[in-house]
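>
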Amino acid sequence: MTPRSVPRRQLLATVLVTASLLFALTAITVTAAPAFADSPCSTGAGGGPGTGGPGGIPEDPEQDPSQEPQLTPEQMEAYVAENESRNGLYGDPHVYLDSAVPPHPTVGVGFNLDRSDAQALLTAVGANYAAVRAGTQNLTPLQIITLFKGDYRAAVANVGRVIPNFDALSSARQVVLIDMMYNLGPGRFGKFTAMINAVKTGNFLAASVHMQNSKWATQVGNRATKDMRLMTQGAVCNPGDMPRYVPVSHGGGGGWATYPGGIEALPWSGGNSEADIWMKLRNLAGGVVCYTMTVTVSGPGGTYSASSVHCV
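Here the sequence shown stands for residues -32 to -1, 1 to 280, numbered as in mature numbering (1 follows the signal peptide of the UniProt record, and there is no 0).
What follows is the structure in structure tokens.
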């Protein structure tokens, strides 16, 4: 019996050693987990606002959105334009009533004809304000793009005034803030204090929840849904969120690109030391040339950036 009992003990010892090794390997695998949580575009990760943090405000998982789809500067412009107009950067040459309550007469890429500077800006681009508002005059492609570029650049500048860490954000989150600023203006945007503070501290899930709980979200519908999704994920995970009509970039930086209707936009210095705030816009077929720049304006609501335009 002795010769048969020895192999059994050896077998038992082998089993115990093998089990110990497997347990050790399992422990090593667990401790070697990646530093980041699931990708923001992976299934079930960063899908939208939820709960979980103090007071029902969720905490952000440690994710790296930089490895997921982002937007070029031209795509960012197109994203905002498609949220403002059914025709995107082509705009609406003819006046229409927007979805606000009460509605506002609107033209181009969401250009509100009731705003205080509407008449001055339309006159600056060579349009007759009264005729455009009455529907007896349409805007040209050059006028539409000039008004849009001026307002878009002012929106970017105004977001930078409010969000100190704006340049450090992913382009997907940047475009959400630009989109809201373009839509709301600096006065109404500034009232989103909880969302702004959440963005400043990097709690983007909380920022999305504050967006969701606002009156603005109920007013703009799918626009808010897209913006909340991009704010939460920090990337363009849904291909349907990418804009359709994107300006053709000519590279080299500075925003040199061609827009619908054969409109070219390019940086312009004009001998001014602040060349980066100027844009020159022209129709490639010839004719009128427009210039737009961002200026600082002071008013009852504080200091903000606005668009200044002139055409020759």
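Here a beta-carbon is modelled for each residue, glycine too, at the ideal position from N, C-alpha and C.
Below 6 Å CB to CB, which residues in the same chain sit around G269 once its five sequence neighbours on both sides are set aside?
Closer than 6 Å at the Cβ level, and outside the excluded window around G269, lie G155.
> What does the Cβ neighbour count give for G202, buried or exposed, with the cut at 16 atoms within 10 Å?
Burial call: buried.
> What do you reckon, are the CB atoms on S139 and M199 nearer than 9 Å?
Their beta carbons are not under 9 Å apart, which means S139 does not touch M199 by this criterion.
> Compare the Cα-Cα distances from L115 to each of G254, A99, S266, Y227 and report the closest residue.
Of the candidates G254, A99, S266, Y227, the one whose C-alpha sits nearest the C-alpha of L115 is Y227.
> Does the separation of the CB atoms of V63 and V75 fall below 9 Å?
A contact, by the Cβ cut-off of 9 Å.
> Does the distance from the C-beta atom of Y97 to that of L110 stay below 9 Å?
No. Outside cutoff.
> Which word fits S53, buried or exposed, when buried means at least 16 other C-beta atoms lie within 10 angstroms of its C-beta?
Buried, by the Cβ-count rule.
> Within the continuous alpha helix (DSSP H) that includes Y64, where are the two ends?
That residue, Y64, is in no alpha helix (DSSP H); its beta strand (DSSP E) goes 60 to 65.
> Consult DSSP for E52 and reduce its assignment to one of helix, strand or coil.
Reduced to three states, the DSSP call for E52 is helix.
> In this structure, how does DSSP classify R191 when only helix, strand and coil are distinguished?
Residue state, collapsed to three classes: helix.
> Considering just the uninterrupted stretch of the beta strand (DSSP E) at A136, what are its terminal residues?
Counting along the chain, A136 falls outside any beta strand (DSSP E), and DSSP gives it neither H nor E.
> Once the 5 residues before and after C9 are set aside, which same chain residues still bring their CB inside 7 Å of it?
The answer, listed in chain order, is E36, Q201, A203, C205.
> Which parts of the segment 148 to 233 are runs of the beta strand (DSSP E), unbroken and 3 residues or longer, counting only runs that do not cross its ends?
Those beta strand (DSSP E) runs which fall completely within the segment 148 to 233 and span 3+ residues are 225 to 227.
> Quick one: what's got a C-beta closer than 7 Å to A49's C-beta in the same chain, skipping five residues either side?
Excluding sequence neighbours, A49 sits near G56, L57, V77, F116.
> I need the straight-line Cα distance from T161 to L252, nearest angstrom please.
The straight-line gap from Cα to Cα measures roughly 43 Å.
> I'd like the list of long-range same chain contacts for G12, defined as Cβ closer than 6 Å, with 5 residues on each side in sequence excluded.
Residue confidence is low: G12 scores 46 on pLDDT, short of 50, so the model does not pin down where it sits. No coordinate-derived value is stated.
> Rounded to whole angstroms, what is the Cα-Cα separation between T91 and Q105?
The straight-line gap from Cα to Cα measures roughly 13 Å.
> Starting from N106, follow the beta strand (DSSP E) in both directions and report where the run begins and ends.
Where N106 is concerned, there is no enclosing beta strand (DSSP E), given that its DSSP letter is neither H nor E.
> Return the chain-ordered list of same chain residues with a C-beta closer than 8 Å to the C-beta of K168, the five sequence neighbours on each side being excluded.
Hits under 8 Å: I131, P132, N133.
> Using the C-alpha atoms, what's the distance from V280 back to F172?
If I take the Cα positions, the gap works out to 44 Å.
> Could you check where the alpha helix (DSSP H) with L90 kicks off and where it finishes?
Its alpha helix (DSSP H) spans residues 86 to 92.
> With which residues is A122 paired in a DSSP beta bridge?
In the DSSP output, where bridge partners are listed per residue, A122 has none listed.
> Closer than 8 Å by C-beta to P235: which residues in its own chain qualify, once you throw out the five before and the five after it? Chain order, please.
Cβ neighbours of P235 beyond the five flanking positions: G222, G223, W224, A243, D244, W246, M247, K248.
> Report the option in Q187, R250, T264, V214 whose CA atom is closest to the CA atom of P70.
Looking at the Cα atoms, Q187 is the closest of the given residues.
> From residue 281 to K194, what does the alpha carbon distance come to, in whole angstroms?
Nothing about residue 281 can be read from this structure; the chain reaches only from -32 to 280.
> Measuring CB to CB, does A95 end up less than 9 Å from L107?
The answer is yes: Cβ separation under 9 Å.
> Whose CA, out of D147, T40, L152, lies closest to the CA of R83?
The residue with the shortest Cα to Cα distance from R83 is L152.
> Buried or exposed: L65, going by 16 or more other Cβ atoms within 10 Å of its Cβ?
Exposed is the call here.
> I'd like to know whether the C-beta atoms of A125 and S273 end up nearer to each other than 9 Å.
In this structure, S273 lies closer than 9 Å to A125 by Cβ.
> Taking the alpha carbon of I112 as the reference point, which residue from R250, G170, G267 has its own alpha carbon closest?
The candidate whose alpha carbon is nearest that of I112 is R250.
> With DSSP run on the structure shown, which of helix, strand or coil describes A68?
Looking at A68 - three-state DSSP - the assignment turns out to be coil, as it is neither helix nor strand.
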